[in-house]
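K.L.:
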Amino acid sequence: MNALLVSALWGVIMMFSGIAIKRAATIRTIALIGIAILLGLNLAELQGWQLVSIDTTGMLQFETYSLLFNTIILAAVLCYVMISGSAMEKIGNNLSDYLALLFFIICGMLMVSAFESLLMLFLGIEIITIPLYILTGSDKKNLKSNEASLKYFLLGAFSSGILLMGIALVYGARGSFALTSVADSIRLSSSLLVSGMLLLMIAMAFKVSAAPFHFWTPDVYDGAPTVFTSFMATVVKVAVFAAFVRLFDRSFALQLSTWQWWVAVLAALTMLVGNVTAVFQQSVKRMLSYSSIAQAGFMLLAVYAMNTAAKEGLLLYAAAYSLATIGIFAVLTRMKDYSFEAFNGMAGRYPWVAAALAIFFLSLAGIPLTGGFLAKFYMIKAALGMSLWLALFALIMAAVSVYYYFRVIQAMYFKPVTQPEPLVFDNLFTAQLLVMALSVVVLGLFPEWLIGLLYF
Amino acid sequence: MPINYYLFLSLALFTIGMVGVLTRRNAIIIFMCIELMLNAVNLLLVAFSKMHYQAAIEAGQLATQAGVDGQLFVFFIMVVAAAEVSVGLAIIVMMYRNVHSVDINFLNRLKH
Chain A
1 MNALLVSALW GVIMMFSGIA IKRAATIRTI ALIGIAILLG LNLAELQGWQ
51 LVSIDTTGML QFETYSLLFN TIILAAVLCY VMISGSAMEK IGNNLSDYLA
101 LLFFIICGML MVSAFESLLM LFLGIEIITI PLYILTGSDK KNLKSNEASL
151 KYFLLGAFSS GILLMGIALV YGARGSFALT SVADSIRLSS SLLVSGMLLL
201 MIAMAFKVSA APFHFWTPDV YDGAPTVFTS FMATVVKVAV FAAFVRLFDR
251 SFALQLSTWQ WWVAVLAALT MLVGNVTAVF QQSVKRMLSY SSIAQAGFML
301 LAVYAMNTAA KEGLLLYAAA YSLATIGIFA VLTRMKDYSF EAFNGMAGRY
351 PWVAAALAIF FLSLAGIPLT GGFLAKFYMI KAALGMSLWL ALFALIMAAV
401 SVYYYFRVIQ AMYFKPVTQP EPLVFDNLFT AQLLVMALSV VVLGLFPEWL
451 IGLLYF
Chain B
457 MPINYYLFLS LALFTIGMVG VLTRRNAIII FMCIELMLNA VNLLLVAFSK
507 MHYQAAIEAG QLATQAGVDG QLFVFFIMVV AAAEVSVGLA IIVMMYRNVH
557 SVDINFLNRL KH
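Top to bottom, those sequences are chains A and B.
Under our numbering, residues 1 to 456 are what the first sequence spells out, in order.
Under our numbering, residues 457 to 568 are what the second sequence spells out, in order.
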């Protein structure tokens, strides 16, 4: 709760700091301090300490799971601002506004991981997406950015409409927006509930870019400024997944047999489309956006299985996937050319950066000893209890994903340099990248450090 | 009036909006269709709110709060829709400045 309040307040502070302060580095420092405070408050709340206590019964409920999830989200945002903050300055002159919007998005993300009422789900999702429309279009002179922003806006608003229709139908059946409420005995009630539930599922599938509702994702992620793509594809997507799981776990547990089959279809289709299309991409940025669809397919297995292993796995997945993808995008923002060839011979020129990148890609591919392996392992384990076929399909798709991730590693280590002009990686950047790579490995070796926090 | 009439009316409006989004090519008209979808939801929420209130009265609860939250939700939808309009129109204006058109057929630069 405290982090939620402070994130909204700090967003306002960031907006005003833009008027008073002109030095970009100072503004960035204020943002970093803000996120560190949020993280601290959230950790304090995990220990039971609260700054102010406000009664949010029936609207928001911050239990251990959502607080831990918020901690992961905030830690990922901290890494993101530290490593990519300087790249934001290059987009335009409004650094403080971008960071203010970032804080509002954080506010929305903290809401969707703890909602108890469909009203809060709707508000949280809108608070996340509306600033994202702006950030996507923040490169105002760039036509690709404009186009991505308009596309994202139209499809985002469209899916919000579907979400709202779902909420209205569920309300019709239940007479309350509370997640725990059950359908009352009016006529029509069961058909209203089921159709509302399916509309909610479609809307959430839109938001997490699950196939067949993924078609906006590659265009938007490709057109948006790379710094903000990094944010959208990682932290935001993971937060919306938390909402997806929470919604169907709390609210529709009784209808499990109706929706589970549909989620299985969504998961299989998403993994298939994401992985197979990623193989044919020529640009690393576009490959990463398809890879984010593919990873969403794996995370959908958590929604499908909906057991303890799935929920623990989602935490691990959130951490491992966000860290690795933020790291890769941080390197991409410093390159001019996003093609696979641009990575040629990187290992010889920048051994540390290449090593960190290799760890990130290995983690995304799910190679043992990295966080990504355990995350995928948990997901497949969770699905295995329900359906052998889906788990096997996920394994095959994980094998396909190795191909396109290893293309980059191969380019870095086994191809001669083709890019004449050198890239700029200062020591601080390299050190941060290595720390992130190290934490991905630590996650893979000692997942119980993270999972164990759930049970204290 | 039975709830079915409201349900059919708002579902019809919602479908008109949805078909409009999928078929029209002018960004402003698509935008209007989205607003139509949201307003169909508003209508349905208010109708359901009334229905739940009536059901509670008939069940013998006199000072009942049933159905109030449905109407509250409508206000939230209006506020969010207004926020969305302000951002959306800004995006459309930005687009217009660069390409001098609001036709979304222009949106094909991202297909390689």
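Ideal placement from N, C-alpha and C gives every residue a C-beta, glycine not left out.
#1: So, with DSSP's three-state summary, where would you put ASP219(A)?
#2: Does the Cβ-Cβ distance between THR370(A) and VAL441(A) come in under 8 Å?
#3: Taking three-plus beta-carbon pairs below 8 Å as touching, is the region 317 to 331 of chain A in contact with the region 265 to 275 of chain A?
#4: Evaluate contact between the region 371 to 385 of chain A and the region 301 to 319 of chain A, counting only Cβ atoms and requiring at least three cross-stretch pairs below 8 Å.
#5: What separation, rounded to the nearest whole angstrom, lies between the Cα atoms of PHE532(B) and THR129(A)?
#6: Which residues in the same chain as VAL502(B) place their Cβ atom closer than 8 Å to its Cβ, once the five residues preceding and following it in sequence are excluded?
#7: If we count the other Cβ atoms within 10 Å of its Cβ and call it buried at 16 or more, is ILE33(A) buried or exposed?
#8: For TYR413(A), collect the residues of the same chain with a Cβ closer than 6 Å to its Cβ; drop the 5 residues on either side in sequence, then sort them by chain order.
#9: Whole angstroms is fine: what's the gap from GLY516(B)'s alpha carbon to HIS508(B)'s?
#10: Going residue by residue through the region 371 to 406 of chain A, where are the continuous alpha helix (DSSP H) segments of at least 4 residues, counting only ones entirely within it?
#11: Residues in the same chain with beta-carbon distance under 8 Å from GLN255(A), minus the five sequence neighbours each way, listed in chain order, please.
#12: Contact between the region 117 to 124 of chain A and the region 76 to 96 of chain A: three or more CB pairs below 8 Å?
#13: Got a sec: is the Cβ-Cβ distance from ALA320(A) to anything in chain B below 8 Å?
#14: Please confirm whether MET165(A) and VAL497(B) have their CB atoms less than 8 Å apart.
#15: From the DSSP output, in three-state form, read off PHE213(A) for me.
#16: Under a CB-based cut-off of 8 Å, is ALA168(A) close to chain E?
#17: What residues in its chain sit with their C-beta under 6 Å from that of ALA24(A), if we drop five residues either side in the sequence?
#18: Could you confirm whether any beta carbon from chain B is found closer than 8 Å to the beta carbon of SER149(A)?
#19: Compare the C-alpha of ALA391(A) against each of PHE340(A), ALA268(A), ILE293(A) and name the closest.
#20: Exposed or buried, which one is GLN47(A) when buried takes at least 16 other CB atoms within 10 Å?
#21: So, helix, strand or coil for PHE115(A), using DSSP?
#22: Check whether the Cβ of MET165(A) lies closer than 8 Å to any Cβ atom in chain B.
#23: According to the neighbour-count rule (16 or more other Cβ atoms, all chains shown, within 10 Å of its Cβ), is MET82(A) buried or exposed?
#24: Against chain B, with Cβ distances strictly below 8 Å, would SER176(A) count as a contact?
#25: Would LEU60(A) and ASN2(A) be called neighbours here (beta carbons separated by less than 8 Å)?
#26: Using a Cβ cut-off of 8 Å, pull out every chain A residue sitting near HIS508(B), in sequence order please.
#27: Decide if ASN344(A) is buried, meaning its Cβ has at least 16 other Cβ atoms within 10 Å, or exposed.
#28: Starting from PHE532(B), trace the alpha helix (DSSP H) both ways and give me its first and last residue.
#29: Shorter than 8 Å from the beta carbon of GLY137(A) to some beta carbon of chain B?
#30: Looking at the C-beta of GLU514(B), does it have a partner C-beta in chain A at a distance below 8 Å?
#31: Give every residue of the same chain whose Cβ lies closer than 8 Å to the Cβ of ILE127(A), excluding the five residues on either side of it in the sequence, and list them in chain order.
#32: Under 9 Å, CB to CB, which of the residues in the region 106 to 124 of chain A have a partner in chain B?
#33: Among residues of its own chain, excluding the 5 on either side of TYR462(B), which ones have a beta-carbon nearer than 6 Å to its beta-carbon?
#34: CB-CB under 8 Å to VAL12(A), same chain, minus the five flanking residues each way: which ones, in chain order?
#35: Can you give the Cα-Cα distance for LEU428(A) and ARG250(A), rounded to whole angstroms?
P.N.:
Once the coordinates are examined:
#1: helix
#2: yes
#3: no
#4: yes
#5: 16 Å
#6: GLY526, GLN527, VAL530
#7: exposed
#8: ALA347
#9: 13 Å
#10: 371 to 384
#11: LEU193, VAL194, MET197
#12: no
#13: no
#14: yes
#15: coil
#16: No chain E appears in the structure shown, which is made up of the protein chains A and B.
#17: GLU89, LEU95
#18: yes
#19: ALA268(A)
#20: exposed
#21: strand
#22: yes
#23: buried
#24: yes
#25: no
#26: GLY175
#27: buried
#28: 524 to 555
#29: yes
#30: no
#31: PHE104, ILE105, CYS107, GLY108, MET111
#32: SER117, LEU118, LEU119, PHE122, LEU123
#33: ALA503
#34: ALA100
#35: 44 Å
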